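Written out below as structure tokens is the structure these notes cover.
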Amino acid sequence: MDEVSDPRVGFLRSDVERFCQQLDGLAPALRMRLLEELRGALVGALDEARVEAMAAASDEGWGLRRIGAFCGVSHEQVRRLLAERQAGDGPPVS
Numbered sequence: 034m035d036e037v038s039d040p041r042v043g044f045l046r047s048d049v050e051r052f053c054q055q056l057d058g059l060a061p062a063l064r065m066r067l068l069e070e071l072r073g074a075l076v077g078a079l080d081e082a083r084v085e086a087m088a089a090a091s092d093e094g095w096g097l098r099r100i101g102a103f104c105g106v107s108h109e110q111v112r113r114l115l116a117e118r119q120a121g122d123g124p125p126v127s
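Per my numbering, the sequence shown starts with residue 34, numbered consecutively.
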């Protein structure tokens with residue numbers, strides 16, 4: 034398990050690991066479906082929260098390159114995500 038800098042992240046990671054361990058005895062089809070549901074839910078929530086954080090940083094005067102550096106994406110991706118948010122399309126699911 035990789036070290037995390039914030040205990041809240043570690044807490045969530047341990048919850049996810051515990052959930053995954055509880056699936057060990059299930060039939061493969063059910064296990065894969067539940068894992069895919071979990072992945073989709075987590076990715077969707079994280080994408081939305083990341084775009085909201087990008088917008089907050091932009092509102093504070095951060096440049097697109099600085100935001101991108103913090104989020105691990107290019108400044109063009111930041112620009113596109115913020116434009117989609119403003120247009121009401123919301124963040125895409127990765």
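Glycine residues also receive a C-beta, built at the ideal position from the N, C-alpha and C atoms.
Everything numeric in this text was worked out from a predicted model, so none of it was measured.
Cβ distance (whole Å) where residue i is taken to contact residue j below 8 angstroms
{"i": "leucine 56", "j": "leucine 67", "result": "6 angstroms"}
Simplified DSSP assignment, three categories, for residue i
{"i": "aspartate 48", "result": "helix"}
{"i": "arginine 112", "result": "helix"}
{"i": "leucine 59", "result": "coil"}
{"i": "serine 38", "result": "coil"}
{"i": "serine 107", "result": "coil"}
{"i": "glycine 96", "result": "coil"}
Rounded C-alpha distance that separates residue i from residue j
{"i": "valine 42", "j": "glutamate 70", "result": "20 angstroms"}
{"i": "serine 89", "j": "alanine 74", "result": "It is worth fixing the name first, because residue 89 is alanine in this sequence and not serine. Those two C-alpha atoms are separated by around 23 angstroms."}
{"i": "cysteine 104", "j": "serine 91", "result": "13 angstroms"}
Closer than 7 angstroms: residue i CB and nearest the ligand ATP heavy atom
{"i": "alanine 120", "result": "Absent from the structure shown: the ligand ATP. Ligands present: none."}
Own chain residues within Cβ distance below 6 angstroms of residue i, not counting five before or after
{"i": "glutamate 108", "result": "Note on identity: in this sequence residue 108 is histidine, with glutamate being the wrong assignment. Cβ within range, chain order: Leu97, Arg98 and Gly101."}
- [ ] Could you tell me whether the stretch 114-121 touches the stretch 82-99, where touching means 3 or more Cβ pairs closer than 8 angstroms?
- [x] yes
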